[in-house]
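K.L.:
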Amino acid sequence: MYTIKSKTISYSLASLFSTLTALGAYISIPISHVPITLQTFFVYLAGAILGSKLALLSQIIYILIGIIGFPVFAYGKAGFGVLIGPTGGYLIGFIIGAYIIGRMIEMKKNFSFKWTLLSTLIGTAIIYCLGIIQLSYWLGGNILSALIIGIFPFLPGDLLKALLSSYIAMKIHRIIKIK
């Protein structure tokens with residue numbers, strides 16, 4: 001196993017994952033207020049591969065790039081308005097979810113596929129919770145509508161993304177460790 005200790009490489013990897021998250025926004029299936037995208041797949045991978053601090057940094061970079069005007073959010077949107085719009089809670093969830101996934105991975109010295117999958121599923125729950133809170137506000141406080149629009153269509157895909165990202169992260173962790 002190769003250990004990466006270089007700050008330059010570590011920060012470059014965080015930037016790479018912010019870029020991958022942005023690219024994931026363009027791979028989407030539009031369905032109402034919240035599109036199905038590959039963003040969460042890269043959020044899961046960032047947390048599971050980079051660890052808590054770099055995963056957090058990767059998603060903060062992603063959000064900041066979008067806030068300053070680069071069209072990196074779903075539907076090619078940009079600006080602070082997206083952050084306070086219907087999908088803004090999910091974006092904030094990316095930051096916290098990536099951090100929690102990374103933190104859970106760091107908690108175990110010898111983590112397994114099951115632990116990695118559990119970590120990504122908890123990260124998913126965090127993203128969903130924050131997303132639903134903000135989406136329900138935009139839907140006039142209707143939590144049930146927010147659940148129907150903002151979670152149920154995504155469950156099968158997010159489960160598949162969690163499984164795939166956990167598998168990939170386990171394979172990568174056999175080759176490199178990022179400190």
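No gaps in the numbering here: position 92 of the sequence shown is 92 in our numbering, and each next residue is one more.
Ideal Cβ positions, reconstructed from N, Cα and C, are used throughout, including at glycine.
1. How far does the alpha helix (DSSP H) with LYS53 in it reach, from first residue to last?
2. Does THR3 pass the burial test, meaning 16 or more other C-beta atoms within 10 Å, or should it be called exposed?
3. Between TRP115 and the rest of its own chain, which residues show a CB-CB distance below 7 Å, the 5 nearest in sequence each way excluded?
4. Quick one: what does DSSP say THR8 is sitting in, helix, strand or coil?
5. Which residue wins for smallest C-alpha separation from ALA74, given the options ALA98, ALA55, ILE36, TYR128?
6. Helix, strand or coil for LYS177? Go by DSSP, reduced to three states.
7. ALA46: which of PHE70, SER28, SER10, VAL72 sits nearest, CA to CA?
8. Which residues in the same chain have their Cβ closer than 8 Å to the Cβ of SER15, if we skip the five residues on either side of it in sequence?
9. Among the residues of its own chain, which have a CB less than 8 Å from the CB of ASP158, if the five just before and after it don't count?
10. Report the residue from ALA22, ALA55, LEU91 whose alpha carbon sits nearest the alpha carbon of VAL34.
11. Would you decide whether ILE175 is buried or exposed? Buried here means 16 or more other CB atoms lie within 10 Å of its CB.
12. Along the alpha helix (DSSP H) that carries THR87, what are the first and last residues, could you check?
13. Quick check on ILE27: buried or exposed, where buried means 16 or more other Cβ atoms within 10 Å of its Cβ?
14. Skipping 5 residues on each side, what residues in its chain have a beta carbon closer than 7 Å to that of VAL72?
15. Whole-angstrom Cβ separation of ILE126 and ILE100, contact assumed at under 8 Å?
16. Taking the alpha-carbon positions, what's the SER6 to ALA146 distance?
17. Spatial neighbours of GLN134 within its chain, please: CB distance less than 6 Å, with the 5 preceding and 5 following residues excluded, ordered by chain position.
P.N.:
Taking the geometry as given:
1. LYS53 -> alpha helix (DSSP H) spans 52-67.
2. Under this definition THR3 is an exposed residue.
3. Only LYS108 meet the Cβ criterion.
4. Judged by DSSP in its simplified three-state form, THR8 adopts helix.
5. Ranked by how close their Cα comes to the Cα of ALA74, the residues ALA98, ALA55, ILE36, TYR128 have ILE36 in first place.
6. Residue state, collapsed to three classes: strand.
7. Distance check between ALA46 and each of PHE70, SER28, SER10, VAL72 places SER10 closest, using alpha-carbon atoms only.
8. Cβ neighbours of SER15 beyond the five flanking positions: SER58, ILE61.
9. Excluding positions up to five away in sequence, the list reads THR40, THR124.
10. Looking at the Cα atoms, LEU91 is the closest of the given residues.
11. Counting the other CB atoms within 10 Å of its CB gives ILE175 a total below 16, which places it among the exposed residues.
12. Boundaries cannot be given for THR87, as no alpha helix (DSSP H) includes it and DSSP labels it neither H nor E.
13. Answer is exposed; the Cβ neighbour count stays below 16.
14. Excluding sequence neighbours, VAL72 sits near ALA22, ALA25, TYR62, ILE65, GLY66, ALA78.
15. About 6 Å separates the beta carbons of ILE126 and ILE100, which is inside the 8 Å limit, making them a contact pair.
16. The alpha-carbon atoms of SER6 and ALA146 are separated by roughly 43 Å.
17. Cβ neighbours of GLN134 beyond the five flanking positions: GLY88, GLY89.
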